Every structure is written in C-alpha cells, then in structure tokens.
Amino acid sequence: GLDSNDGLSPATAWKTLYNANYSASAGDIVYIGAGTYNSGVNLQKQVSPQNNGSSGSYITYYGDRDGSHTGDAGTITVNDIFTTQYIQVIGIISETSVHGDTGGGNCIIDSCKFPWIALIDMGGSTIKNCIIENKNKCN
Numbered sequence: 009g010l011d012s013n014d015g016l017s018p019a020t021a022w023k024t025l026y027n028a029n030y031s032a033s034a035g036d037i038v039y040i041g042a043g044t045y046n047s048g049v050n051l052q053k054q055v056s057p058q059n060n061g062s063s064g065s066y067i068t069y070y071g072d073r074d075g076s077h078t079g080d081a082g083t084i085t086v087n088d089i090f091t092t093q094y095i096q097v098i099g100i101i102s103e104t105s106v107h108g109d110t111g112g113g114n115c116i117i118d119s120c121k122f123p124w125i126a127l128i129d130m131g132g133s134t135i136k137n138c139i140i141e142n143k144n145k146c147n
C-alpha cells in the first residue's frame, strides 16, 4: 500500500495506520493486513484512533488474519494499541501494550495478544479471548 492511496480497497490500501487513525469514525471498520507495523512516527505504527465511536457504532480495527478483506493473510503486529471511546480491536498483536485512559471507555479488546494492559477509568470495557504475556504488569 501507499499512504497517498484512498484506503478503500485492497488495491488502494494504505501502507501505515496513520490515515486510518485520523479518518476512522463511528461505524467504520479498519481492516489491517498481515505485517509488522513498527516503523515511523507513533500514529503510523499503532492503533490509536483520533475519533471516538458511539454507542452501537464502534470504530473497529480488525486484524485480517485470513486475508479475506485485505488479500494479506498472516499475523498483524502493531507497536501499541491506544483506545478512546467505543473502539473495538480484534485479532491484533501489540508489541508493547494496550492503553486506555480517563475519558475513554466502552471498548472491546478481542482475540489480541500483548505484554501488558492499563485501562484507567475505562468503564464498560471488555477484554476477551486475549493472551497477556507478562503477568507482572497488569493495571
């Protein structure tokens, strides 16, 4: 992909997560193809939505492990996952952590893998089917 593309199809996919983080809004699904997203500035290599979803209309970041939406099958590894309000993250590996902070909430983290998680004042959030590798650092 190229970050100058429109990101609306596998043929016009973005290279990094930067545009998805800025453009995704309530009800959008961001399909992330196989690869390791760990270079560039933070918003290029992490799931970090700049907008909130809404009740019943989440912003979803979906790790497309079987390639059915992106054409790229395999694991999806990002540098970090930051959540705001009404964000859903499915099937992604984070190299560092999952963060949520005051003012966010009602997030769903499903089938992900990460070394630690910190959800501070993130009421209504759900963590399910995940693997936390470093059990020494959970908040």
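Residue numbers (the working numbering): 9 to 147. Think of the CB as a built atom: it goes at the ideal place given N, C-alpha and C, for glycine as much as any other residue. Remember, it's a predicted structure, so these values are computed and weren't measured experimentally.
Excluding the 5 residues preceding and the 5 following residue i in the sequence, name in chain order all residues of the same chain whose CB lies nearer than 7 Å to its CB.
| i | result |
| --- | --- |
| threonine 20 | Asn13, Asp14 |
| threonine 92 | Pro57, Asn60, Gly112 |
Run through DSSP, which three-state label would residue i get?
| i | result |
| --- | --- |
| isoleucine 58 | The sequence given here places glutamine at residue 58; isoleucine does not occur at that position. Coil, per DSSP. |
| leucine 25 | coil |
| alanine 32 | coil |
Mind checking whether residue i and residue j have CB atoms under 7 Å apart?
| i | j | result |
| --- | --- | --- |
| tyrosine 70 | isoleucine 116 | no |
| tyrosine 39 | serine 62 | no |
| isoleucine 84 | isoleucine 100 | yes |
| aspartate 88 | glutamine 54 | yes |
| glycine 9 | tryptophan 22 | yes |
| serine 119 | leucine 127 | no |
| valine 86 | tyrosine 45 | yes |
| glycine 82 | alanine 42 | yes |
At a threshold of 6 Å, does residue i count as lining the ligand FAD (C-beta to nearest heavy atom)?
| i | result |
| --- | --- |
| glycine 113 | Questions concerning the ligand FAD fall outside what the structure shown contains, since it holds no ligand whatsoever. |
Rounded to the nearest angstrom, what separates residue i and residue j at their Cα positions?
| i | j | result |
| --- | --- | --- |
| aspartate 80 | serine 17 | 12 Å |
| glutamine 58 | asparagine 137 | 26 Å |
| asparagine 114 | methionine 130 | 7 Å |
| proline 123 | glycine 75 | 25 Å |
| serine 31 | phenylalanine 90 | 16 Å |
| glutamate 103 | glycine 64 | 29 Å |
| asparagine 142 | aspartate 109 | 20 Å |
| threonine 24 | isoleucine 140 | 25 Å |
Whose C-beta lies closer than 6 Å to the C-beta of residue i among residues of the same chain, with five residues either side of it excluded?
| i | result |
| --- | --- |
| serine 77 | According to the sequence provided, residue 77 is histidine. The question's serine does not apply to it. Once the five neighbours on either side are set aside, the close Cβ partners of histidine 77 are Tyr39. |
| tyrosine 66 | Tyr94, Gln96 |
| serine 33 | Asn59 |
May I ask you to list the residues that DSSP assigns as paired with residue i?
| i | result |
| --- | --- |
| threonine 85 | Thr44, Ile101 |
| glycine 108 | Thr91, Leu127 |
| threonine 134 | Ile116 |
| serine 65 | Ser62 |
Consider the Cβ of residue i: report whether some Cβ of chain B lies at a distance smaller than 7 Å.
| i | result |
| --- | --- |
| serine 63 | Among the protein chains of the structure shown there is no chain B, as only one such chain exists. |
With a threshold of 8 Å on Cβ separation, who are the neighbours of residue i within its own chain once the five nearest residues in sequence on each side are excluded?
| i | result |
| --- | --- |
| tyrosine 26 | Asp11, Gly48, Val49, Leu51, Gln52 |
| arginine 73 | Ala42, Ala81, Gly82, Thr83, Ile84, Gly99 |
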